[in-house]
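Asks: So for the sequence shown, the working numbering puts the first residue at 16; every next one is plus one. Take this structure, written in structure tokens, and hold onto it; I'll ask about it next.
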Amino acid sequence: MTERYMEQLYEMLKGMGDRYLGVQRERLIKALEEIDWELSQIQASSSILEGYAGTGDYKRAGEMAEKLHQLLGPIGDEIECMMAETLFLNPQILSSLEEAGTYLEGASGSESGGEMMANLEGAQEELGRARGQIGRALEGIKSASSPSGLSDFLRSLSQVISNQGEMGEMLREYLSGKGAFDYNALMSMAAMQRAIRESLERLLSRYQSLGDTLKGLEGAIEAMKKIEGMLNEGAEAERIKEEQKHLMERLLRSEKAIKSRGISRERKSTPGKDYVDPTVPPILPAGVNKKSTLGTAPMEFPENPYGIGESEIIYDYFRLLTQ
């Protein structure tokens with residue numbers, strides 16, 4: 016096979032993958048928009064029921080509430096099936112639909128105006144929450160490089176892990192040397208850890224549909240907070256090193272678990288060559304003096320060499336690099 020033939024084959028396969036993702040994206044968008052419209056009609060109908068309840072026609076209002084309740088079941092089933100195709104659908108949607116169904120069921124059996132109105136208002140509120148989550152899912156599907164969102168999430172998570180690993184390398188270099196620690200570098204590392212943590216927090220808030228799979232990463236956030244505090248307080252360097260080791264193990268385990276979870280209908284596809292994921296860019300620890308060392312005994316900080324507000328400037332530098 017010639018090099019030219021291989022290039023043509025690659026372009027053909029890439030085009031097939033892109034077309035598949037395009038069809039999948041459009042189908043998901045259309046289905047979600049239809050579901051959102053159906054929920055808007057149920058929401059509007061529940062408002063009409065409040066009018067019937069207000070006039071004392073509880074029987075008619077109860078019968079209609081039961082019909083609306085029956086409509087929510089198939090919608091929930093459809094959304095649950097779609098969750099196998101995209102990470103952008105938050106499981107909270109199902110919880111909101113279930114709660115709305117419970118309220119409508121309660122309204123269908125209400126014998127007083129006050130009870131019925133309370134149930135109908137509760138149903139409206141939960142339906143509003145579900146529609147809000149669907150709206151956010153639509154935004155995510157339309158903006159991501161793939162409609163499933165898995166490749167985007169893993170790419171961003173990989174960058175978080177890379178950033179944390181870079182900080183671990185810095186820490187190991189400190190520990191390998193001898194002599195006094197460098198206060199400026201220590202505070203820079205604390206600012207760097209804070210920026211990495213906040214980038215992971217933003218990532219998790221965007222992909223809440225991973226549900227229980229995110230628990231390992233939520234634990235990683237707590238570990239990052241602990242390391243950040245240890246750096247600021249001057250804990251023993253060996254303890255910081257040990258916490259860093261456990262943190263990296265947790266991050267890698269979580270990444271592996273998420274990859275194994277997968278998406279049942281995800282297809283492998285190479286993003287465009289000009290695609291750059293902006294979610295979690297790398298943090299380059301410019302200006303950090305890696306030759307300085309940390310002692311193994313508890314640290315006693317000298318007088319703060321920073322002027323007022325300069326520690327925040329360091330943090331802002333790393334934070335901006337992750338936006």
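Beta carbons: idealized from backbone N, C-alpha and C, even for Gly.
By how many angstroms is the C-alpha of M185 removed from the C-alpha of I242?
Replies: For this step, residue 242 is matched to residue 227 along the sequence shown. For this step, residue 185 is matched to residue 170 along the sequence shown. Their backbone Cα atoms lie some 14 Å apart in a straight line.
Asks: With three or more beta-carbon pairs closer than 8 Å as the criterion, would you say the stretch 123 to 130 touches the stretch 96 to 114?
Replies: Output reads no: the stretch 96 to 114 does not touch the stretch 123 to 130.
Asks: Would you report the Cα separation of I236 and D72, rounded to the nearest angstrom?
Replies: Locating residue 236 in the sequence shown gives position 221, counting from the first residue. Locating residue 72 in the sequence shown gives position 57, counting from the first residue. When rounded, the distance between both Cα atoms is 53 Å.
Asks: Tell me which same chain residues have a C-beta within less than 7 Å of the C-beta of L232, skipping the five on either side of it?
Replies: Here residue 232 is taken as the residue at index 217 of the sequence shown, counted from 1. Excluding residues within five positions, the ones whose Cβ falls inside 7 Å are L215, L219 and S269.
Asks: To the nearest whole angstrom, what separates the beta carbons of Y118 and G137, a pair I think is in contact under 8 Å?
Replies: Taking the first residue of the sequence shown as 1, we reach residue 118 at position 103. Taking the first residue of the sequence shown as 1, we reach residue 137 at position 122. Going by Cβ atoms, the distance from Y118 to G137 rounds to 4 Å, so yes, they are a contact pair.
Asks: Give the secondary structure of T117 by DSSP, where H, G and I count as helix, E and B as strand, and everything else as coil.
Replies: The residue given as residue 117 occupies position 102 in the sequence shown. Of the three classes helix, strand and coil, the one that applies to T117 here is helix, per DSSP.
Asks: Is the Cβ-Cβ distance between L102 and Y222 less than 8 Å?
Replies: Position 87 of the sequence shown, counted from the first residue, corresponds to residue 102. Position 207 of the sequence shown, counted from the first residue, corresponds to residue 222. A contact, by the Cβ cut-off of 8 Å.
Asks: Looking at M132 and E65, is the spacing between their C-beta atoms short of 8 Å?
Replies: The count along the sequence shown starts at 1 and reaches residue 65 at position 50. The count along the sequence shown starts at 1 and reaches residue 132 at position 117. It is a contact, given that the beta carbons lie within the stated cut-off.
Asks: How is the alpha helix (DSSP H) around L102 delimited, first residue to last?
Replies: Stepping through the sequence shown from its first residue, residue 102 is reached at position 87. No alpha helix (DSSP H) holds L102; DSSP gives it neither H nor E.
Asks: So, helix, strand or coil for E188, using DSSP?
Replies: Counted from its first residue, the sequence shown places residue 188 at position 173. DSSP places E188 in helix when its eight states are reduced to three.
Asks: Locate the alpha helix (DSSP H) running through G234, then write down its first and last residues.
Replies: Position 219 of the sequence shown holds residue 234. That run of the alpha helix (DSSP H) goes K230 to E248.
Asks: Using the Cα positions of L87 and M79, report the straight-line distance between them to the nearest angstrom.
Replies: The sequence position of residue 87 within the sequence shown is 72, counting from 1. The sequence position of residue 79 within the sequence shown is 64, counting from 1. The alpha-carbon atoms of L87 and M79 are separated by roughly 13 Å.
Asks: State the CB to CB distance for the pair L246 and I176, rounded to an integer number of angstroms; the pair is presumed to be in contact (CB under 8 Å).
Replies: Here residue 246 is taken as the residue at index 231 of the sequence shown, counted from 1. Here residue 176 is taken as the residue at index 161 of the sequence shown, counted from 1. So it is not a contact: roughly 19 Å between Cβ atoms.
Asks: Using the Cα positions of I63 and C96, report the straight-line distance between them to the nearest angstrom.
Replies: Counting from 1 along the sequence shown, the entry for residue 63 is found at position 48. Counting from 1 along the sequence shown, the entry for residue 96 is found at position 81. Between I63 and C96, the C-alpha separation is close to 31 Å.
Asks: What is the DSSP secondary structure of S125, counted as helix, strand or coil?
Replies: Residue mapping note: residue 125 aligns to position 110 of the sequence shown, counting from 1. Here S125 sits in coil by DSSP.
Asks: In this structure, does DSSP put G222 in helix, strand or coil?
Replies: For this step, residue 222 is matched to residue 207 along the sequence shown. Residue 222 is actually Tyr in this sequence, not Gly. Coil, per DSSP.
Asks: Can you give me the C-alpha to C-alpha distance between M239 and A206, rounded to a whole angstrom?
Replies: As a first step, residue 239 is located in the sequence shown; it is residue number 224 there, counting from the start. As a first step, residue 206 is located in the sequence shown; it is residue number 191 there, counting from the start. So the two alpha carbons sit approximately 11 Å from each other.
Asks: Looking only at its own chain, which residues have a Cβ that is under 6 Å from the Cβ of A68, when we skip the five neighbours before and after it?
Replies: Indexing the sequence shown from 1 puts residue 68 at position 53. A76, G128, M131 and M132.
Asks: Could you check whether Q174 and Q58 sit closer than 8 Å to each other, using their CB atoms as the reference points?
Replies: Residue 58 sits at position 43 when you count from the first residue of the sequence shown. Residue 174 sits at position 159 when you count from the first residue of the sequence shown. Contact: no.
Asks: Tell me which residue opens and which closes the alpha helix (DSSP H) that M79 is part of.
Replies: Stepping through the sequence shown from its first residue, residue 79 is reached at position 64. Run containing M79: Y73 to M97, per the alpha helix (DSSP H) assignment.
Asks: Pick out whichever of I90, M182, K74 and K45 has its Cα sitting closest to the Cα of Q56.
Replies: If you number the sequence shown from 1, residue 56 lands on position 41. Residue I90 is the option with its Cα nearest to Q56.
Asks: Determine the DSSP secondary structure at E181, reduced to helix, strand or coil.
Replies: By 1-based counting over the sequence shown, the position of residue 181 is 166. If DSSP states are grouped into helix, strand and coil, E181 belongs with the helices.
Asks: What would DSSP say about E251, mapped onto helix, strand or coil?
Replies: By one-based count along the sequence shown, residue 251 stands at place 236. If DSSP states are grouped into helix, strand and coil, E251 belongs with coil.
Asks: Can you tell me which of I273, W52, T70 and K45 puts its alpha carbon nearest to the alpha carbon of L172?
Replies: In the sequence shown, residue 172 corresponds to position 157, counting from 1. Considering only alpha carbons, the answer is I273.
Asks: Check whether the Cβ atoms of L153 and S61 sit closer than 8 Å, and answer yes or no.
Replies: Numbered from 1 along the sequence shown, position 138 holds the residue referred to as residue 153. Numbered from 1 along the sequence shown, position 46 holds the residue referred to as residue 61. It is not a contact, given that the beta carbons lie outside the stated cut-off.
Asks: Tell whether a beta-carbon distance below 8 Å holds between G180 and M263.
Replies: Taking the first residue of the sequence shown as position 1, residue 180 is located at position 165. Taking the first residue of the sequence shown as position 1, residue 263 is located at position 248. Going by C-beta atoms, G180 is nearer than 8 Å to M263.
Asks: When burial is assigned at 16 or more other CB atoms within 10 Å of the CB, is R187 buried or exposed?
Replies: Along the sequence shown, one-based indexing puts residue 187 at 172. Classification of R187: exposed, given that the 10 Å Cβ count is below 16.
Asks: Between I50 and K157, how many whole angstroms is the CB-CB distance? I'm expecting something under 8 Å.
Replies: Walking along the sequence shown from the start, residue 50 turns up at place 35. Walking along the sequence shown from the start, residue 157 turns up at place 142. Contact flag wrong, Cβ pair sits at about 16 Å.
Asks: Tell me whether M31 sits in a helix, a strand or coil according to DSSP, three-state version.
Replies: Residue numbering aside, residue 31 sits at position 16 when the sequence shown is read from its first letter. Any answer about M31 is weak, because its pLDDT of 49 lies below 50 and its placement is not dependable; what the coordinates show is given next. Looking at M31 - three-state DSSP - the assignment turns out to be helix.
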